[in-house]
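In the numbering used here, the protein residues as written are 72 to 271. From the three backbone atoms N, C-alpha and C, an ideal C-beta is built for every residue, glycine too. First comes the structure, then the notes that go with it.
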Ligand SMILES: CC(C)(COP(=O)(O)OP(=O)(O)OC[C@H]1O[C@@H](n2cnc3c(N)ncnc32)[C@H](O)[C@@H]1OP(=O)(O)O)[C@@H](O)C(=O)NCCC(=O)NCCS
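And the structure:
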């Protein structure tokens, strides 16, 4: 971290997002949809759709956070279920997006560390990052810096900007990981009687 980044890091405040943050959140995401391969979306969602997604996160009792720097939104992060089937219920997937003009100043780290803490407190046990583009050094570096290890690559699963794009999978243990049985209400979720097969 540079000296400037260290100075800025002390001024970053991470908090739960609010509805009035949505225009800033949508603007940050719009930039990354249009200019990067971290997300496989191609058309930027509008503020209303970003609001619907935020509500979905909150309805699942998962964290949806923003980082503020000098009163402006510098980035956001949220957790989602890694996959919908019941047995995945202690595993979450993270997403982190930082305003492009504020990259490499500690905003992503502050957000991801807060997200890890929040998901650990909610008794989740694994966090997975599905990173668009093996050339996404910033995301791979951020996740490595926050304790994730690379567990695989799905080659050529995306097509954006006229080229095939890989997904890099990284994973981090939360709390006790697999060393103890799960805790909390979600242990009692019953599987649907007719749930069969081996699906995501
Ligand atoms: C990935 C992203 C969230 C990183 O946020 P950031 O605020 O720039 O990252 P930070 O400044 O907090 O960096 C934390 C650490 O990550 C690593 N890192 C960050 N950017 C890096 C880069 N370009 N190359 C290598 N490592 C990098 C470093 O270890 C860094 O610590 P250091 O600066 O002390 O060396 C940001 O670049 C972004 O929004 N990218 C586009 C969207 C995206 O890829 N999101 C992740 C999808 S899940």
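Assuming residue i is part of the beta strand (DSSP E), what are its boundary residues?
{"i": "residue 110", "result": "No beta strand (DSSP E) contains residue 110, which DSSP labels as neither H nor E."}
{"i": "residue 243", "result": "234-244"}
{"i": "residue 199", "result": "197-203"}
From what residue to what residue does the alpha helix (DSSP H) around residue i run?
{"i": "residue 183", "result": "178-192"}
{"i": "residue 129", "result": "118-130"}
{"i": "residue 104", "result": "93-106"}
{"i": "residue 212", "result": "208-216"}
Report buried or exposed for residue i, applying the criterion of at least 16 other Cβ atoms within 10 angstroms of its Cβ.
{"i": "residue 113", "result": "exposed"}
{"i": "residue 135", "result": "buried"}
{"i": "residue 174", "result": "exposed"}
{"i": "residue 254", "result": "exposed"}
{"i": "residue 203", "result": "buried"}
{"i": "residue 108", "result": "buried"}
{"i": "residue 81", "result": "exposed"}
{"i": "residue 186", "result": "buried"}
{"i": "residue 91", "result": "exposed"}
{"i": "residue 165", "result": "buried"}
{"i": "residue 76", "result": "exposed"}
{"i": "residue 140", "result": "buried"}
{"i": "residue 133", "result": "buried"}
{"i": "residue 74", "result": "exposed"}
{"i": "residue 119", "result": "exposed"}
{"i": "residue 216", "result": "exposed"}
{"i": "residue 249", "result": "exposed"}
Have a look at the DSSP bridge pairing and note the partners of residue i.
{"i": "residue 222", "result": "According to DSSP, which records beta bridges pairwise, residue 222 is partnered with nothing at all."}
{"i": "residue 229", "result": "236"}
{"i": "residue 84", "result": "139"}
{"i": "residue 169", "result": "146"}
contact_flag[the region 186-199, the region 230-245] where n(CB pairs < 8 Å) is 3 or more: The region 186-199 vs the region 230-245: in contact.
The region 223-238 in contact with the region 169-189 per 3-pair CB rule at 8 Å: Contact between the region 223-238 and the region 169-189 is absent: fewer than 3 CB-CB pairs across the two stretches fall below 8 Å.
The region 214-224 in contact with the region 81-101 per 3-pair CB rule at 8 Å: In this structure the region 214-224 does not lie against the region 81-101, because fewer than three pairs of beta carbons, one per stretch, are closer than 8 Å.
Within the region 132-166, ranges of the beta strand (DSSP E) (whole runs, at least 3 residues): As far as the region 132-166 is concerned, its whole beta strand (DSSP E) runs of at least 3 residues are 135-140 and 143-152.
Segment contact, 8 Å Cβ cut-off, at least three pairs: the region 233-241 with the region 204-216: In this structure the region 233-241 touches the region 204-216; the number of beta carbon pairs closer than 8 Å is three or more.
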